Amino acid sequence: MKAKALPVAIAMTTALSASLLVVSSFDNQAQAQENFRWKMVTSWPKNFPGVGQGPERLSQLVEEMSDGRLTIEVFGAGQLVPGFEVFDAVSDGTAELGHSASYYWKGKAPEAQFFAAVPFGMNAQEMNAWLYYGGGMELWNEVYEPFGVDVMVGGASGVQMGGWYNKEINSIEDLDGLKMRMPGLGGEVMSRMGVAIVNMPGGEIFTSLQSGAIDATEWIGPYNDLAFGLHQAADYYYYPGWHEPTVMFETIVNEEALAELPADLQAILTTAVRDINASVLDEYTARNNDALETLVNEHEVELRRIPDDVLAQAREYSAEVIAELAESSELGTRIYDSYRTFQDKVENYHAISEQAYYNARNPDGDTTQ
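Just so we're aligned: the sequence shown equals residues 146 to 514 in this note's numbering.
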């Protein structure tokens, strides 16, 4: 190249680079100014207390934080898709977001059950610690990767109740032949104890229990059970909820839709989901107390403790069911090993912290008898 041509070439290159930067800047500004309208499908009745309010709060937070650039229309179960088709709707792009519980998808991804509720497993505080700081979220997203779905924790129920029964349960024999609604690993355990398990979304529980289509059911806890009026369809309310020491609700998002969001909107969505993860559990902790008092004192519900022999048998079968799930796949083995290792460690610490404190606070033990 001639010496005189070199400055010209440099000038042209500099001008081209500058123009590309300008175009890139305009593209980024255009993306930042673009508005996104998303749909969110859930497995719960629209505006249902607690779990149904979480998605509504998410929608409100995202709209406020994004100044209206990202809005989310929330659909209850059956409004856009049935409650048990939420995962498919998000996977295929019918909706960008979903709110549900991962054990509903055990037919597609059996390992997903580890992230909803493990009988005699970790509670909500422990599960959040494992998911956020023990590698649980990475494993959960690995389960959903083949389906084009990302997942975030979308709330927790806390320890649930043992369920509603239309007859007294005094021994294991009393369970034989009962028809009961109970999802997930807990349902498999009850099946091995002679119970016929029936799966159905929450909106169908009351009529099924009232009509005799089922003899027993578990749902969530006093706050939601009172809202469904389950006390009008069954006489006996049992505890503890060994089958669901918590349910971790999930917020699932279509992977392609998420990638189309600018970075700031992705951060807003993630932050809002983290907010509802805390607020849903807080609401249950606050509301369950009053709801249980209403059920017992105003509606004269008979509160019963599950007999020790039933709990012992459930614990034995739970270990079998969980081990079988862990052995069903290489991924299942890795999830179980991570879960079990974390639970062992947190149990050791909680034995001298949380549990020791509860024992000290209530030295007389169970006062509900």
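Even glycine gets a Cβ: it sits at the ideal position worked out from N, Cα and C.
Treat the numbers as computed from the prediction; the structure is a model and nothing was measured.
With DSSP as the reference, please indicate the residues paired to residue i in a beta bridge.
| i | result |
| --- | --- |
| residue 342 | 325 |
| residue 185 | 219 and 242 |
| residue 301 | 393 |
| residue 399 | 294 |
| residue 362 | 309 and 326 |
| residue 447 | 381 |
For residue i versus residue j, is the C-beta spacing smaller than 7 Å?
| i | j | result |
| --- | --- | --- |
| residue 332 | residue 317 | no |
| residue 421 | residue 214 | no |
| residue 425 | residue 199 | yes |
| residue 305 | residue 386 | yes |
| residue 463 | residue 265 | yes |
| residue 330 | residue 446 | no |
| residue 295 | residue 398 | yes |
| residue 197 | residue 429 | no |
| residue 328 | residue 278 | no |
| residue 436 | residue 371 | yes |
| residue 254 | residue 298 | no |
Mind checking residue i: buried by the 16 CB within 10 Å criterion, or exposed?
| i | result |
| --- | --- |
| residue 156 | Only weak support is given to the placement of residue 156: the predicted model assigns it a pLDDT of 48, under 50, and the value that follows is read from those uncertain coordinates. Its Cβ having fewer than 16 others within 10 Å, residue 156 is exposed. |
| residue 356 | exposed |
| residue 269 | buried |
| residue 238 | exposed |
| residue 273 | buried |
| residue 509 | exposed |
| residue 290 | exposed |
| residue 326 | buried |
| residue 444 | exposed |
| residue 505 | exposed |
| residue 236 | buried |
| residue 283 | exposed |
| residue 252 | exposed |
| residue 501 | exposed |
| residue 171 | Reliability fails at residue 171, whose pLDDT of 45 lies under 50, so the model's placement of it is uncertain and the value that follows must be treated cautiously. Under this definition residue 171 is an exposed residue. |
| residue 166 | Low local confidence applies: a pLDDT of 47 at residue 166 is under 50, so the model's placement there is unreliable, and no value is given. |
Among residues of its own chain, excluding the 5 on either side of residue i, which ones have a beta-carbon nearer than 6 Å to its beta-carbon?
| i | result |
| --- | --- |
| residue 323 | 340, 360 and 361 |
| residue 402 | 241 |
| residue 390 | 266, 268 and 304 |
| residue 285 | 260 and 296 |
As a quick exercise: from the options, pick the residue whose alpha carbon is nearest that of residue i.
| i | options | result |
| --- | --- | --- |
| residue 373 | 185, 180, 193 and 408 | 193 |
| residue 205 | 224, 190, 185 and 223 | 185 |
| residue 382 | 364, 353 and 459 | 364 |
| residue 309 | 448, 470, 487 and 471 | 448 |
| residue 302 | 225, 246, 254 and 255 | 246 |
| residue 182 | 196, 218 and 211 | 218 |
| residue 440 | 491, 505 and 368 | 368 |
| residue 210 | 288, 415, 468 and 436 | 415 |
| residue 496 | 375, 271 and 428 | 271 |
| residue 232 | 257, 408 and 321 | 257 |
| residue 313 | 380, 476 and 225 | 380 |
| residue 212 | 396, 409, 442 and 498 | 409 |
| residue 261 | 396, 491 and 413 | 396 |
Cutting at 7 Å between CB atoms, please list the residues of its own chain near residue i, excluding the five before and the five after it.
| i | result |
| --- | --- |
| residue 222 | 187, 188, 189, 190, 228, 346 and 348 |
| residue 478 | 471 and 472 |
Note down, in chain order, each residue of its chain lying with its Cβ closer than 8 Å to the Cβ of residue i, except the 5 sequence neighbours on either side.
| i | result |
| --- | --- |
| residue 484 | 259, 263, 266, 267, 275 and 281 |
| residue 168 | Its pLDDT being 43, under 50, residue 168 is placed unreliably by the model, and the measurement read from it follows with that caveat. Nothing listed; no residue qualifies. |
| residue 220 | 184, 185, 186, 187, 191, 226 and 240 |
| residue 442 | none |
At a cut-off of 6 Å, is residue i close to the ligand MN when judged by its beta-carbon and the heavy atoms of the ligand?
| i | result |
| --- | --- |
| residue 423 | The ligand MN is absent from the structure shown, which contains no ligand whatsoever. |
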